[in-house]
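A.B. asks: Numbering (this note's numbering), first residue to last: 14 to 355.
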Ligand code: NAD
Ligand code: UDP
């Protein structure tokens, strides 16, 4: 089994494509598996252009057990990073079975196929959404998870539990759940970035599309929260920094440095940033004015969540490095490239 090879499920998407680049830079061979349900080949082509490596890509639905098993038989890898999932919170409330089917079945298939084929290490894409409206801030990995308020959030909790229980029961497996805070920005090359389909649900793509003239006006959802400026607080993590956290997680398992066979790490900056601060920073670093207005609160938003990153800093030896200024510049460079804006 090749310890320096990693299967990246969902690797054509936003976080997976950036992670593939960093894995290759760290000396790993990468195989990307994706059914392109929320992406297109531009992510894979971007990875190939940045790295100069003809990364193998397999168009496969991770829920299709037989087709997925063929990939496990064909490629020589020992670790999997599982990104492949649907991620729209609102849609998951309206159509929960779409989310339970895709997000759970794809993950169950991965764990079972790893067991059947003698593979060892799995990194799961979890989310700060598991903390809900947390009792303590910043949140540590020991902060209690709150009952999920969406099917999407529930799939994150359930997959964490599937990984925890599987690792406990099957000695061959090791697992790391990375709880991402708010990933933003794009690769400095502007060859890969976030490509939301339809109207963006997340703040930064909405901002960049507004700046590009694709959207008329950004709505800031609420200015009457109990925070210093009344808008919500989040921990915005640069996408390249986030990608590097996956390399650190894989290194840790491949090099047998993990303290427990199942571990959880927060991946954030440790800094709380308000919506107004983010918008103002975007305007300043990119030297433009954004059309925005204050709108009513968005249902389901937590007031504030940001990470205590001590564990990831100490154990993974990983730190967020890129500044918010740099990250928001990269987000705009990417949007300009996508829209052909000079
Ligand atoms: P994305 O939609 O850009 O990437 C996910 C990729 O998985 C897409 O390319 C999609 O085509 C693919 N995919 C989905 N279902 C599949 C299936 N059954 N078989 C094969 N491929 C499939 O999303 P992203 O932002 O890169 O998110 C990656 C992971 O990180 C997801 O699990 C998401 O829930 C998690 N996450 C994302 C965020 C965020 O804000 N972006 C925050 C926390 C956690
Ligand atoms: N937000 C906003 N306008 C938008 C999109 C998001 O004001 O068009 C706010 C949202 O209310 C939240 C923050 O930006 O306070 C981050 O939202 P996002 O959806 O990006 O991430 P999440 O809510 O999952 O943390």
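For each residue, glycine too, the CB sits at the ideal point set by N, CA and C.
(1) So which of 330, 340, 31, 309 has the shortest CA-CA distance to residue 238?
(2) Name, in chain order, the residues that DSSP records as bridge partners for residue 42.
(3) Taking residue 249 as part of the beta strand (DSSP E), name the residues at either end of that continuous run.
(4) Do the region 175-185 and the region 148-159 meet, that is, are 3 or more Cβ pairs less than 8 Å apart?
(5) Measuring CB to CB, does residue 214 end up less than 8 Å from residue 101?
(6) Beta strand (DSSP E) containing residue 135: first to last residue?
(7) Mapping DSSP to helix, strand and coil, what is residue 352?
(8) Could you give the first and the last residue of the continuous alpha helix (DSSP H) run that contains residue 276?
(9) Which residues in the same chain have their Cβ closer than 7 Å to the Cβ of residue 288, if we skip the five residues on either side of it in sequence?
(10) Exposed or buried, which one is residue 23 when buried takes at least 16 other CB atoms within 10 Å?
(11) Cβ of residue 288 versus every heavy atom of the ligand UDP: is any distance shorter than 7 Å?
(12) DSSP beta-bridge partners for residue 72?
(13) Does the ligand NAD have even one heavy atom less than 7 Å from the beta-carbon of residue 333?
(14) With H, G and I counted as helix, E and B as strand and the rest as coil, what does DSSP make of residue 295?
(15) Let me know if residue 247 comes out buried or exposed under the rule of 16 or more other beta-carbons within 10 Å of its beta-carbon.
(16) Closer than 7 Å: is that where the CB of residue 324 sits relative to any heavy atom of the ligand NAD?
(17) Can you give the Cα-Cα distance for residue 265 and residue 86, rounded to whole angstroms?
(18) Please report the residue range of the alpha helix (DSSP H) in which residue 123 lies.
(19) At what residues does the beta strand (DSSP E) containing residue 305 begin and finish?
(20) Can you tell me whether DSSP reads residue 228 as helix, strand or coil?
(21) Taking residue 129 as the reference, which of 78, 164, 235 has the closest Cα?
(22) Pull the bridge partners of residue 233 from the DSSP assignment, please.
(23) Identify the continuous alpha helix (DSSP H) that holds residue 175 and give its terminal residues.
(24) Between which two residues does the beta strand (DSSP E) carrying residue 190 extend?
(25) Could you tell me the alpha carbon to alpha carbon distance between residue 167 and residue 190, rounded to whole angstroms?
(26) Just verifying my parser: in three-state terms, what is the DSSP assignment at residue 244?
(27) Going by C-alpha to C-alpha distance, which of 316, 54, 95, 317 sits closest to residue 126?
(28) Does at least one heavy atom of the ligand NAD sit under 7 Å from the Cβ of residue 97?
(29) Please state the DSSP three-state secondary structure of residue 197.
(30) Grouping DSSP H, G and I as helix and E and B as strand, with all else coil, what is residue 317?
(31) Between which two residues does the beta strand (DSSP E) holding residue 92 run?
(32) Kindly examine the ligand UDP and report whether one of its heavy atoms sits closer than 7 Å to the Cβ of residue 236.
(33) Where does residue 286 sit, in a helix, a strand or coil, going by DSSP?
(34) On a Cα-Cα basis, can you pick out the residue from 298, 347, 278 that is closest to residue 330?
C.D. replies: From the atom records:
(1) Numbered from 1 along the chain shown, position 225 holds the residue referred to as residue 238. Looking at the Cα atoms, 309 is the closest of the given residues.
(2) Numbered from its first residue, the chain shown carries residue 42 at position 29. DSSP, once it has assigned bridges, lists 18 as partnering residue 42.
(3) For the purposes of this step, residue 249 is identified with residue 236 of the chain shown, where counting begins at 1. Taken as a continuous stretch (DSSP letters only), the beta strand (DSSP E) holding residue 249 covers 249-251.
(4) no
(5) Counted from its first residue, the chain shown places residue 214 at position 201. Counted from its first residue, the chain shown places residue 101 at position 88. Cβ atoms of residue 214 and residue 101: closer than 8 Å.
(6) Here residue 135 refers to the residue found at position 122 when the chain shown is read from its first residue. Its beta strand (DSSP E) spans residues 134-140.
(7) Sequence index remark: in the chain shown, residue 352 carries index 339 (1-based). Helix, per DSSP.
(8) Counted from its first residue, the chain shown places residue 276 at position 263. Here residue 276 belongs to no alpha helix (DSSP H); instead the beta strand (DSSP E) covers 275-280.
(9) Counted from its first residue, the chain shown places residue 288 at position 275. So the qualifying residues of the chain are 216, 233, 244, 245.
(10) Along the chain shown, read from residue 1 onward, the residue named residue 23 stands at position 10. Per the 10 Å Cβ criterion, buried.
(11) Position 275 of the chain shown holds residue 288. Yes; taking the cut-off as 7 Å, the Cβ of residue 288 has a heavy atom of the ligand UDP nearer than that.
(12) The residue you call residue 72 lines up with position 59 of the chain shown. Beta-bridge pairing links residue 72 to 47.
(13) Against the chain shown, residue 333 aligns to sequence position 320. No - the ligand NAD has no heavy atom lying nearer than 7 Å to the Cβ of residue 333.
(14) Taking the first residue of the chain shown as position 1, residue 295 is located at position 282. In this structure, residue 295 counts as helix in the three-state DSSP scheme.
(15) As a first step, residue 247 must be located in the chain shown, where it is residue number 234. By the neighbour-count rule (16 or more Cβ atoms within 10 Å), residue 247 is buried.
(16) Indexing the chain shown from 1 puts residue 324 at position 311. It does not: the Cβ of residue 324 is nowhere closer than 7 Å to a heavy atom of the ligand NAD.
(17) Here the question's residue 265 lines up with position 252 in the chain shown. Here the question's residue 86 lines up with position 73 in the chain shown. Going from the Cα of residue 265 to the Cα of residue 86 covers about 25 Å.
(18) Residue mapping note: residue 123 aligns to position 110 of the chain shown, counting from 1. Note, residue 123: alpha helix (DSSP H), 118-130.
(19) In the chain shown, counting from the first residue as 1, residue 305 sits at position 292. Unbroken beta strand (DSSP E) run through residue 305: 305-308.
(20) Sequence index remark: in the chain shown, residue 228 carries index 215 (1-based). The answer is coil: DSSP assigns residue 228 none of H, G, I, E or B.
(21) If you number the chain shown from 1, residue 129 lands on position 116. If we check each option's Cα against that of residue 129, 78 comes out closest.
(22) Position 220 of the chain shown, counted from the first residue, corresponds to residue 233. Answer is 307, bridged to residue 233.
(23) Numbered from 1 along the chain shown, position 162 holds the residue referred to as residue 175. Where residue 175 is concerned, the enclosing alpha helix (DSSP H) stretches over 164-182.
(24) Working through the chain shown from its first residue, we reach residue 190 at position 177. Element bounds for residue 190: 187-193.
(25) On the chain shown, residue 167 is found 154 positions in, with the first residue counted as 1. On the chain shown, residue 190 is found 177 positions in, with the first residue counted as 1. Their backbone Cα atoms lie some 15 Å apart in a straight line.
(26) Start at 1 with the first residue of the chain shown, and residue 244 comes out as number 231. If DSSP states are grouped into helix, strand and coil, residue 244 belongs with coil.
(27) Taking the chain shown and counting its residues from 1, the one referred to as residue 126 is at position 113. The candidate whose alpha carbon is nearest that of residue 126 is 95.
(28) Taking the chain shown and counting its residues from 1, one reaches residue 97 at position 84. Yes, the ligand NAD has a heavy atom inside 7 Å of this Cβ.
(29) Along the chain shown, one-based indexing puts residue 197 at 184. The answer is strand: DSSP assigns residue 197 an E or B state.
(30) Residue mapping note: residue 317 aligns to position 304 of the chain shown, counting from 1. Three-state DSSP puts residue 317 in a strand.
(31) Working through the chain shown from its first residue, we reach residue 92 at position 79. It spans 92-95 - the beta strand (DSSP E) in which residue 92 sits, taken as one unbroken run.
(32) As a first step, residue 236 must be located in the chain shown, where it is residue number 223. No; taking the cut-off as 7 Å, the Cβ of residue 236 has no heavy atom of the ligand UDP nearer than that.
(33) As a position in the chain shown, residue 286 is number 273, starting the count at 1. In the structure shown, residue 286 sits in a strand (DSSP, three-state: E or B).
(34) Walking along the chain shown from the start, residue 330 turns up at place 317. For residue 330, the nearest C-alpha among the options comes from 278.
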